[in-house]
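Worksheet for the structure shown next.
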Amino acid sequence: MIIFTDNNMYMNDLLQFTSEVMNACICDIIYISSKSYDGEYVIRLKVSDKYIGCSADKIVKLYDHPLDDTILRYDCNKIKTNHGILSCCNNVLSILDDELFILNNLSSNIKFCYSNLINFVRDGIICKESKIDLQYASEIIHNTPHTRVSNLLEIDEIFWTILNDPDLHSFLKQIFTNGYHCTTYSSNTLKKDVDNTGWHCDYPYHTINYPYPKETLGVQVIWSLDDFTEENGATYFVKGSHKTCTWPSITYETPMHRMIMKKNNYVVYFGKLWHTQGINRTDLPRSALLANFSPLNIPVKDNISEQVKDKSRIIDDKLIFY
Numbered sequence: 001m002i003i004f005t006d007n008n009m010y011m012n013d014l015l016q017f018t019s020e021v022m023n024a025c026i027c028d029i030i031y032i033s034s035k036s037y038d039g040e041y042v043i044r045l046k047v048s049d050k051y052i053g054c055s056a057d058k059i060v061k062l063y064d065h066p067l068d069d070t071i072l073r074y075d076c077n078k079i080k081t082n083h084g085i086l087s088c089c090n091n092v093l094s095i096l097d098d099e100l101f102i103l104n105n106l107s108s109n110i111k112f113c114y115s116n117l118i119n120f121v122r123d124g125i126i127c128k129e130s131k132i133d134l135q136y137a138s139e140i141i142h143n144t145p146h147t148r149v150s151n152l153l154e155i156d157e158i159f160w161t162i163l164n165d166p167d168l169h170s171f172l173k174q175i176f177t178n179g180y181h182c183t184t185y186s187s188n189t190l191k192k193d194v195d196n197t198g199w200h201c202d203y204p205y206h207t208i209n210y211p212y213p214k215e216t217l218g219v220q221v222i223w224s225l226d227d228f229t230e231e232n233g234a235t236y237f238v239k240g241s242h243k244t245c246t247w248p249s250i251t252y253e254t255p256m257h258r259m260i261m262k263k264n265n266y267v268v269y270f271g272k273l274w275h276t277q278g279i280n281r282t283d284l285p286r287s288a289l290l291a292n293f294s295p296l297n298i299p300v301k302d303n304i305s306e307q308v309k310d311k312s313r314i315i316d317d318k319l320i321f322y
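Mind the numbering: the sequence shown is residues 1 to 322 in UniProt numbering, read in order.
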């Protein structure tokens, strides 16, 4: 637990901070107690599979489980979040707006988890190498004449394997902590000189009014079945634009980036990240798989449930992940 002195100003700041962290999906809020214990407030935060706590000397620490008699495993003076650095100083929890950050004595797997989540929440996008070989899927898609194939799960088992990649879902579970489902899953092939898309946000954001809620309503995944290059139309995006919670408003001064990646990689990005398809100037088609994942309260977009053989995974016509 992290203990705070009985001060309404600090408590208000704390509630605002935890609300922002929850909305940004860096960590679960286990509980916030408004009850005073001997003039102190109690809060408990979960980050990845560890719990943020505070020792009697007010040094922030990570614990293995949420009970008050937690076993200390790792110590660190500061823990970085998307809104700054979480730090204890003079008996008060502070948020320091400072990019400099050191995690002392943390194991490499914990550091890796923090790095991915921090980069994702800050930039709105991360890229990872797929641990599943996408070559067979690439051959299937390149042998179809269609620009978009939406019945992937009926075509071959490889597409089910890709969609259920454990590495991908270990990351998505850090974002959707109460379960989620797949709302769309299809392929997309970009042929030469096609330019039929504009700057947009993905499902479900294009179906609702903005400003969008801070809560994450959709996360998009793109698997590269070919190299994504500037020449073959690698997707443009605006880093950090998901934080605006609005439909794209692009000017000549807007800083743009490209989803440049090798074949057999995948990118995960917030659905409200501003992005647009590039133009393929080469003679070869460039193909990818696309999936969208949303909280359980968001309706499905495509009828995926009928394609799923394992009906135990289907609840209310949704392909569920926990």
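Glycine residues also receive a C-beta, built at the ideal position from the N, C-alpha and C atoms.
Computed from a prediction, not measured in an experiment: that's the story for all the values here.
With 16 or more other Cβ atoms inside 10 Å of its own Cβ, Asp226 counts as buried. Annotated three-state conformation of Val121 is helix, per DSSP. Closest in C-alpha terms to Arg148, from the list Asp310, Ile314, Tyr322 and Asp302, comes Asp302.
For Lys173, no beta strand (DSSP E) segment is defined; the enclosing uninterrupted segment is the alpha helix (DSSP H) at Pro166 to Ile175.
About 24 Å separates the beta carbons of Leu190 and Pro204, which is beyond the 8 Å limit, so they are not a contact pair. Under a 10 Å Cβ-count criterion, Ile132 is classified as buried, with 16 or more other Cβ atoms of the shown protein chains found around its own Cβ. Leaving aside the five residues that flank Lys239 on each side, the residues in its chain whose CB is nearer than 8 Å to its CB run, in chain order, Asp123, Gly124, Ile125, Pro255 and His257. Of the candidates Tyr210, Asn143 and Asp193, the residue whose Cα lies closest to the Cα of Thr282 is Asp193.
In the structure shown, Gln277 falls within a coil segment according to DSSP collapsed to helix, strand and coil.
Excluding five sequence positions before and after Tyr210, the CB atoms of its chain that fall closer than 8 Å to its own CB belong to Cys245, Thr246 and Trp247, given in chain order. The C-beta separation of Trp223 from Ile140 comes to about 13 Å, leaving the pair out of contact by the 8 Å criterion.
Segment contact: the segment 296 to 316 against the segment 270 to 281, fewer than three CB-CB distances shorter than 8 Å; contact not assigned. Burial state of Tyr322 is exposed, judged by a 10 Å Cβ sphere holding fewer than 16 other Cβ atoms.
Per DSSP, the beta bridge partners of Tyr180 are Pro295 and Phe321. Counting C-beta pairs with one atom in each stretch, the segment 264 to 274 and the segment 305 to 321 have fewer than three that are closer than 8 Å, which means they do not touch. Under DSSP, the beta-bridge partners assigned to Leu289 are Ser187 and Trp223. Contact between Met261 and Phe237 is absent: CB atoms are separated by about 12 Å, not below the 8 Å threshold. Closest in alpha carbon position to Leu152, among Pro295, Lys311, Ala291 and Ile320, is Ala291. In the DSSP annotation of this structure, Tyr252 is not part of any alpha helix (DSSP H), being labelled neither H nor E. For Asp202, the closest of Tyr136, Ser241 and Thr177 by C-alpha to C-alpha distance is Ser241. Under the three-state reduction of DSSP output, Lys262 falls in the coil class, being neither helix nor strand. Counting along the chain, the unbroken alpha helix (DSSP H) around Ser138 starts and ends at Gln135 to His142. Residue pairing by DSSP places Lys192 opposite Asn280 in a beta bridge. With fewer than 16 other CB atoms across the displayed protein chains lying within 10 angstroms of its CB, Lys311 is exposed.
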